[in-house]
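Accompanying notes for the structure given below.
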Amino acid sequence: MSTLSRDTASLDSVMAAAADDLSARLRVAMPAIVTAFDDKRQTVTLQPAIAGTDENGDAITPTVLADVPVKFPRGGGFAFTFPVKPGDEGWVLFADRCIDNWFSSGQVSQAAEHRQHDWGDGGFLPGFSSLTRAIGSFRNDAIVMRQLEGTGYVSIDTGGNVDIDGAKLTVHCEAEFMKPVTIDDTLTVTGAAAMNGGLSASGGSGAAAKITGSVEVTGGDVTVDGIGSKSHHHTDSQNGQTSEAQA
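For the sequence shown, full-length UniProt numbering assigns the number 1 to the initial residue and increments by one for each residue that follows.
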C-alpha cells in the first residue's frame, strides 16, 4: 500500500496513490502453470507465474489457485478435448464478479459474494506458452492437430490436401470413398469383400492375383486371354472339338 506525507501530499499524488492501490488489488490476467488436473470436473490447480513484491521489494510467490475451470473449444453439441498435464502453461483470466453460483449451477445467478477481480474467480485458457515452449516445426501453411512429442498428426493445408500420420488409424463407422483410392502397401481384408463395379488387377510379382480356396462365378463367365471357361472347346483324340463345358 502506498504511503504519503500529510504535509507534502498533493491532490494529484493522493489520487495517483489511490489508483495504484486499486490497481494492485485487481486481478485481471496472467500466465500460470498447471500443477494438477481433475478430468471429471475439468478444473485445474494453478501456480500463477508472475511473482509479486512486498513493501521491501522482496518477491512474493502468488498463492496456488484451486478448482479453476478449464476452457475447451465447445458449442452446438460438440467439444474438442485434449489432455491437460502438470507443467502445462496457459493464461488465467479473472472474472469481474464472484463466479461460484454460476459455476455450480450453470444458470444466471446472483454473485455469492461481493468480491471483484479476485484470485478465486479465475478461468484457465491452456496453450499460451513461453518462448521456451514454442512449438517446433511449426507449419504456417496448414491447420494441424499434432503431438508435440511424437509423430502423429492430421493436417489440412492451404491447397485443401489432408495428410494423416501416426502409429495406427482405427475407424469404427462405415466409410464411403467417392474418389479413387491408391494403396501403396498390402491391403488385408478379414471379412467378406463385395465388389459391385468390377475388379481389375495388374502387375505384382509372379501373378497379379493369387487365390487360395474355391472361386464361384454366378451369371457370368471367366475369360482367360480371350477364351471363356463356359464356351471354350478342346481338341479330342480324333482331332475333333469337344462340347462346351457342362455344369
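Glycine residues also receive a C-beta, built at the ideal position from the N, C-alpha and C atoms. Being a predicted model, the structure only gives us computed values, none of them experimental.
Next on the checklist: For D67, which residues in the same chain have their Cβ closer than 6 Å to its Cβ, ignoring the five residues on either side in sequence?
Outcome noted: T43
Checklist entry - Which whole-angstrom value describes the C-beta separation of A29 and F94, a residue pair presumed to lie in contact below a C-beta threshold of 8 Å? => result 7 Å
Checklist entry - Helix, strand or coil for K103 per DSSP? => result Reading off the sequence, residue 103 comes out as Phe, not Lys. Residue state, collapsed to three classes: helix.
Checklist entry - Which whole-angstrom value describes the C-beta separation of G123 and P83, a residue pair presumed to lie in contact below a C-beta threshold of 8 Å? => result G123 to P83, Cβ: 19 Å. No contact.
Checklist entry - G90 lies in the beta strand (DSSP E); which residues open and close that run? => result 89-94
Next on the checklist: To test your reading of the DSSP string, which unbroken beta strand (DSSP E) runs of 3 or more residues are found completely within the UniProt domain "Phage protein Gp138 N-terminal" (30-127)?
Outcome noted: 43-48, 65-69, 89-94, 122-126
Next on the checklist: Assess contact between the region 86-100 and the region 113-127, defined as three or more Cβ pairs (one per stretch) separated by less than 8 Å. Is contact present?
Outcome noted: yes
Item to check | Every unbroken alpha helix (DSSP H) within the region 155-201, with a cutoff of 4 residues, ordered by chain | outcome: Residue ranges of uninterrupted alpha helix (DSSP H) with 4 or more members are absent from the region 155-201; none lies entirely inside it.
Next on the checklist: Excluding the 5 residues flanking N161 on each side, which residues of the same chain have their C-beta closer than 7 Å to its C-beta?
Outcome noted: none
Item to check | Where L65 falls, given that 16 or more other Cβ within 10 Å makes a residue buried | outcome: buried
Item to check | Integer-rounded CB distance, given that P86 should sit under 8 Å from T158 | outcome: Contact doesn't hold; Cβ gap of about 36 Å is too wide.
Next on the checklist: One question on the structure: do A201 and A209 come within less than 8 Å of each other, judged by their Cβ atoms?
Outcome noted: yes
Next on the checklist: Taking the beta strand (DSSP E) that A142 belongs to, which residues open and close that run?
Outcome noted: 142-146
Checklist entry - How would you label residue 256, buried or exposed, when you count the other beta carbons within 10 angstroms and need 16 or more for buried? => result With the chain covering only 1 through 247, there is no way to say anything about residue 256.
Next on the checklist: Just to confirm my understanding: we take S129, look at its own chain, exclude 5 residues before and 5 after, and list those with CB closer than 6 Å. What are they?
Outcome noted: So the qualifying residues of the chain are E89.
Checklist entry - Using DSSP with H/G/I as helix, E/B as strand and the rest coil, what is T132? => result Here T132 sits in helix by DSSP.
Next on the checklist: Using 8 Å for Cβ pairs, my map puts A134 next to G152. What's the rounded Cβ distance?
Outcome noted: The Cβ separation is near 20 Å, so there is no contact.
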